[in-house]
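Trainee: The structure that follows is given in the form of structure tokens.
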Amino acid sequence: APIIDLKDITVTFKNKTSTVHAVKNVSLQVAKGDVYGIVGYSGAGKSTLVRTINYLQVPTSGTATVNGQVMGQLSKNALRLARRKIGMIFQHFNLMNSRTIAANIDYPLRYSDLNTAQRQKKVADLLTLVGLQDKADAYPAQLSGGQKQRVGIARALANDPGILLCDEATSALDPKTTQEILGLLKHLNQTLGITIVLITHEMAAVKAVCQHVAVMEQGEIIERGSLLDIFSQP
Ligand code: ADP
Ligand code: ADP
Numbered sequence: 003a004p005i006i007d008l009k010d011i012t013v014t015f016k017n018k019t020s021t022v023h024a025v026k027n028v029s030l031q032v033a034k035g036d037v038y039g040i041v042g043y044s045g046a047g048k049s050t051l052v053r054t055i056n057y058l059q060v061p062t063s064g065t066a067t068v069n070g071q072v073m074g075q076l077s078k079n080a081l082r083l084a085r086r087k088i089g090m091i092f093q094h095f096n097l098m099n100s101r102t103i104a105a106n107i108d109y110p111l112r113y114s115d116l117n118t119a120q121r122q123k124k125v126a127d128l129l130t131l132v133g134l135q136d137k138a139d140a141y142p143a144q145l146s147g148g149q150k151q152r153v154g155i156a157r158a159l160a161n162d163p164g165i166l167l168c169d170e171a172t173s174a175l176d177p178k179t180t181q182e183i184l185g186l187l188k189h190l191n192q193t194l195g196i197t198i199v200l201i202t203h204e205m206a207a208v209k210a211v212c213q214h215v216a217v218m219e220q221g222e223i224i225e226r227g228s229l230l231d232i233f234s235q236p
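Below, the structure written as structure tokens:
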């Protein structure tokens, strides 16, 4: 079974004056170990769709089954546990600026079963994994954009998730740094087997790391397939 199985997902935003059909009856399956790119213009519904995977966005209708669990059927506590196994990184990193790099990475471990020594070891290991061993006591403002995103990745991996959702994770970075971060994501996929869903408007990012691609437009997937299928058409 696919590790991510979105079935007939619709998300409609309604307020007093307008209705936005952000996602319209979309189904998407991602196999374990895949790197799946979601591309399309701004406003196409990419972020809304991907946020239904960890239920940061509850769909108006449809079913999200992730790691074998139907997200919409989980209790509040079970949903919290399920979310720990789905890491997420963001365009603007979302770090806590008043806290050190180590504290930022440690933050998702605050409810874990690990004791203090185990948490410190875990944070040290994560810092090493993303190449920031010497930055434990630095603050986010002292880091470059690429380093901040490495912290975002380390934090996202703190609870050993099998899935990493990347929402425009390289869009705020220059081309060289983008390549470095994409290289790190590819490495995590290949060495740890992490399944990655990568939202981007940058075709170069897709070509560099993705095995499969879905193209979204106006809330729908208008095309999907392997990287070769999508890019080798006449
Ligand atoms: P993308 O990630 O492809 O840029 P989004 O999923 O962010 O697209 O947005 C899809 C559509 O849904 C857009 O028209 C956006 O304005 C709208 N939208 C997204 N989130 C909300 C929200 N919380 N409330 C109202 N409309 C929203
Ligand atoms: P303190 O213990 O110093 O009060 P907290 O750990 O409670 O700090 O977090 C400080 C603030 O950062 C809180 O408002 C919290 O909601 C926010 N915060 C926590 N985690 C994140 C995150 N991953 N991204 C952005 N903000 C966060």
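Just so we're aligned, residue 3 is where the sequence shown starts under UniProt numbering, counting upward by one.
Where is the CB? At the ideal position from N, CA and C, for every residue including glycine.
1) Could you tell me the alpha carbon to alpha carbon distance between T50 and R86, rounded to whole angstroms?
2) Measure the C-alpha to C-alpha separation of I91 and T19 and round it to an integer number of angstroms.
3) Considering S49, what are the terminal residues of the alpha helix (DSSP H) in which it resides?
4) How many whole angstroms separate the CB atoms of L175 and G147, which I take to be in contact at a CB cut-off of 8 angstroms?
5) Grab me the residues of K209's own chain with a C-beta within less than 8 angstroms of its C-beta, minus the 5 sequence neighbours each way, in chain order.
6) Check whether the Cβ atoms of L134 and I103 sit closer than 8 angstroms, and answer yes or no.
7) For the alpha helix (DSSP H) containing K150, list its first residue and its last residue.
8) Rounded C-beta distance between V41 and V153? I'm assuming under 8 angstroms.
9) Which residues mark the beginning and the end of the alpha helix (DSSP H) in which R82 is found?
10) Looking only at its chain, what residues have a beta carbon closer than 6 angstroms to the beta carbon of A46, apart from the 5 residues adjacent to it on each side?
11) Which partner residues of T202 appear in the DSSP bridge assignment?
12) One question on the structure: do K34 and T197 come within less than 8 angstroms of each other, judged by their Cβ atoms?
Mentor: In short, the structure shows the following:
1) As a working mapping, residue 50 is identified with position 48 in the sequence shown. As a working mapping, residue 86 is identified with position 84 in the sequence shown. Distance between the alpha carbons of T50 and R86: 19 angstroms.
2) Counting from one through the sequence shown, the residue named residue 91 turns up at place 89. Counting from one through the sequence shown, the residue named residue 19 turns up at place 17. I91 and T19: Cα-Cα distance of roughly 32 angstroms.
3) Start at 1 with the first residue of the sequence shown, and residue 49 comes out as number 47. Here the alpha helix (DSSP H) through S49 covers 48–53.
4) For the purposes of this step, residue 175 is taken as residue 173 along the sequence shown, with counting starting at 1. For the purposes of this step, residue 147 is taken as residue 145 along the sequence shown, with counting starting at 1. The beta-carbon distance between L175 and G147, rounded to whole angstroms, is 5 angstroms. This is short enough to meet the 8 angstroms contact definition.
5) What you label residue 209 is simply residue 207 of the sequence shown in a count that begins at 1. If we look at K209 and ignore the five residues flanking it on each side, its Cβ neighbours are L229, F233.
6) Working through the sequence shown from its first residue, we reach residue 134 at position 132. Working through the sequence shown from its first residue, we reach residue 103 at position 101. Yes, the pair counts as a contact, with Cβ atoms nearer than the cut-off.
7) Residue 150 sits at position 148 when you count from the first residue of the sequence shown. Per DSSP, K150 belongs to the alpha helix (DSSP H) from 147–158.
8) Counting from 1 along the sequence shown, the entry for residue 41 is found at position 39. Counting from 1 along the sequence shown, the entry for residue 153 is found at position 151. That belief does not hold up - the Cβ atoms of V41 and V153 are roughly 26 angstroms apart, past 8 angstroms.
9) In the sequence shown, the residue the question calls residue 82 occupies position 80. That run of the alpha helix (DSSP H) goes 78–86.
10) As a working mapping, residue 46 is identified with position 44 in the sequence shown. Excluding sequence neighbours, A46 sits near M218, E219.
11) For the purposes of this step, residue 202 is taken as residue 200 along the sequence shown, with counting starting at 1. V41.
12) Along the sequence shown, one-based indexing puts residue 34 at 32. Along the sequence shown, one-based indexing puts residue 197 at 195. Cβ distance < 8 angstroms, so K34 and T197 count as in contact.
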